[in-house]
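Undergrad: Structure provided below as structure tokens; questions to follow.
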Amino acid sequence: MQAEINLPQTRAASAPSLPQATAPPGNAGSEIISMIVTLFIAIGLGILATVTAKQFVPSSPRVLWLAIAVGGLGGLAHEVAQSRGTILFVERREDGIYLGAIAGVMLGAVAGLLAVKGLLINQTNAPGATELIYEAFIAGLALKGITEAAGGQAVPSGTTNTKKT
599 MQAEINLPQT
609 RAASAPSLPQ
619 ATAPPGNAGS
629 EIISMIVTLF
639 IAIGLGILAT
649 VTAKQFVPSS
659 PRVLWLAIAV
669 GGLGGLAHEV
679 AQSRGTILFV
689 ERREDGIYLG
699 AIAGVMLGAV
709 AGLLAVKGLL
719 INQTNAPGAT
729 ELIYEAFIAG
739 LALKGITEAA
749 GGQAVPSGTT
759 NTKKT
């Protein structure tokens, strides 16, 4: 003989819902504008990075501009890989928060600065431009990705299993 235990069923509190920014059909015009602006930002950061890399001296303050430009390119690269540059500003969608190109550049620039700081302070041998570029780019790419991953939400699969056993 088995005794059946009935425990009270509680429902988890749901998170407060925020308005969802879903792209309506026919929103292609704003996506194209966003792609064009993203391209211009990338070109500007690329020019800044090229100019500061050609004038590279580890003790110069221009190294910081190199870190800002390349870190910003890293954050922008993540945005282009994620949404093809179609999101310019922060948007909330069904599967989470998308930071967009502008926030990606800002996060990437900060990450680039923080990444090269350790290479420039208390240096035993001066880092080269390639090392700084690599560190700043990867830091910008990673911080943008981690930040958006933290704001992500699981998307319902569309099929629910309501069968009780």
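Be aware that the sequence shown starts at 599, since it is given in the numbering used here, and climbs by one per residue.
Glycine included, C-beta positions come from ideal geometry on N, C-alpha and C.
Note that the coordinates shown come from a computational prediction; the quantities given were computed from them, not determined experimentally.
Pull up the distance between the alpha-carbon of Ser657 and that of Ala724, whole angstroms please.
TA: 9 Å
Undergrad: Exposed or buried, Thr648, counting other C-beta atoms within 10 Å across all chains shown (16 or more means buried)?
TA: exposed
Undergrad: Would you mind sorting Lys742 into buried or exposed? The rule is 16 or more other CB atoms within 10 Å of its CB.
TA: buried
Undergrad: Using DSSP's beta-bridge definition, name the partner residues of Tyr696.
TA: Its beta-bridge partners are Glu689.
Undergrad: Using the Cβ count rule (16 or more neighbours within 10 Å means buried), how would you classify Gly642?
TA: exposed
Undergrad: Use the C-beta contact count for Ser628: other C-beta atoms within 10 angstroms, 16 or more gives buried, fewer gives exposed.
TA: exposed
Undergrad: Give me, in chain order, the residues of the same chain whose beta-carbon lies closer than 6 Å to that of Gln680; leave out the 5 immediate sequence neighbours on both sides.
TA: none
Undergrad: For the alpha helix (DSSP H) that contains Gly683, what are its first and last residues?
TA: Here Gly683 belongs to no alpha helix (DSSP H), and DSSP marks it neither H nor E.
Undergrad: Measuring alpha carbon to alpha carbon, tell me which of Glu692, Arg690, Gly698, Glu689 ends up nearest Arg682.
TA: The shortest Cα separation from Arg682 among Glu692, Arg690, Gly698, Glu689 belongs to Gly698.
Undergrad: Could you pull out every residue in the same chain whose Cβ sits closer than 7 Å to the Cβ of Ala701, ignoring the five residues on either side in sequence?
TA: Val688
Undergrad: Give me the Cα-Cα distance between Thr620 and Arg690, rounded to the nearest whole angstrom.
TA: Because the pLDDT of Thr620 is 47, which lies under 50, any placement of that residue in the model is unreliable, and the number read from its coordinates should be weighed accordingly. Distance between the alpha carbons of Thr620 and Arg690: 8 Å.
Undergrad: Return the chain-ordered list of same chain residues with a C-beta closer than 6 Å to the C-beta of Ile731, the five sequence neighbours on each side being excluded.
TA: Contacts found: Val668.
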